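Scroll down for the structure; my scribbles are underneath it.
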Amino acid sequence: MEKEIFARRYSDHPEILETRDTADCSRVVLKSNYPSNFSENRSIPLYLYSGGKKGTVLFFHGRGEKNLDYLRWFPATFAKWGYSGAMMILPFHFERTPAGHRSGELFLDPRTDVLRGRFENAVVDGLTALNYLKCEGSGSRYS
């Protein structure tokens, strides 16, 4: 029997757990719609950089361990081209990393069933972030 695809049945109403404004961006933490055994992975940090009038670009970072400030440069710079930027922290990366593990270590797993679940987790969280951007108006024209 084929495993049910969770991404087809997740809630499309993002739940905001926390918001905080800093000098250069807003940080919003959303509840992840994807079930996880790790508490660190049950929330989705989203960094928002406003300023664009053409829409919002949701930026997905690659696998990384120590370069979050460098990665945040990309969505922060989108405003120069007329877009607001948003960056979602992927499952098991940076502040979503469970204690005792390196950033991204748990995301890539040699077991195909686990790896498939990790990618589905990322897709569901990406859809949750897009729904948040649409609800908040910053994503009326998102990319």
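Numbers given in our numbering equal positions in the sequence shown, counted from 1, plus 38. Cβ coordinates follow ideal geometry from the N, Cα and C atoms, glycine included. As the structure is a computational prediction, the values presented were derived from the model and not from experiment.
Can you list, in chain order, the residues of its chain with a C-beta nearer than 7 Å to that of residue i? Leave out the 5 residues immediately preceding and following it.
{"i": "residue 46", "result": "none"}
{"i": "residue 106", "result": "132"}
{"i": "residue 126", "result": "82, 84, 96, 98, 163, 164, 167"}
May I have the straight-line CA-CA distance separating residue i from residue j, to the nearest angstrom?
{"i": "residue 44", "j": "residue 54", "result": "21 Å"}
{"i": "residue 172", "j": "residue 96", "result": "11 Å"}
{"i": "residue 110", "j": "residue 158", "result": "24 Å"}
{"i": "residue 156", "j": "residue 62", "result": "31 Å"}
{"i": "residue 177", "j": "residue 149", "result": "The predicted model places residue 177 with a pLDDT of 48, which falls under 50 and marks its position as unreliable, so this point remains unresolved."}
{"i": "residue 74", "j": "residue 141", "result": "16 Å"}
{"i": "residue 50", "j": "residue 104", "result": "31 Å"}
{"i": "residue 88", "j": "residue 113", "result": "9 Å"}
May I ask you to report which of helix, strand or coil DSSP gives residue i?
{"i": "residue 156", "result": "helix"}
{"i": "residue 165", "result": "helix"}
{"i": "residue 46", "result": "helix"}
{"i": "residue 60", "result": "coil"}
{"i": "residue 77", "result": "helix"}
{"i": "residue 108", "result": "helix"}
Which same chain residues, not among the five before or five after residue i, have their C-beta less than 6 Å away from its C-beta?
{"i": "residue 162", "result": "45, 48, 71, 72"}
{"i": "residue 52", "result": "68, 166, 169, 170"}
{"i": "residue 136", "result": "76, 78"}
At what residues does the beta strand (DSSP E) containing residue i begin and finish?
{"i": "residue 124", "result": "122 to 126"}
{"i": "residue 132", "result": "Unbroken run through residue 132: none, as it is neither H nor E."}
{"i": "residue 116", "result": "Element bounds for residue 116: n/a, residue is neither H nor E."}
{"i": "residue 98", "result": "94 to 98"}
Is the shortest distance between the beta-carbon of residue i and the beta-carbons of chain D less than 8 Å?
{"i": "residue 104", "result": "The displayed structure is made up of one protein chain only, and chain D is not part of it."}
What are the partner residues of residue i, as DSSP defines its beta bridges?
{"i": "residue 65", "result": "58, 85"}
Which residues in the same chain as residue i place their Cβ atom closer than 8 Å to its Cβ, once the five residues preceding and following it in sequence are excluded?
{"i": "residue 80", "result": "69, 70, 74"}
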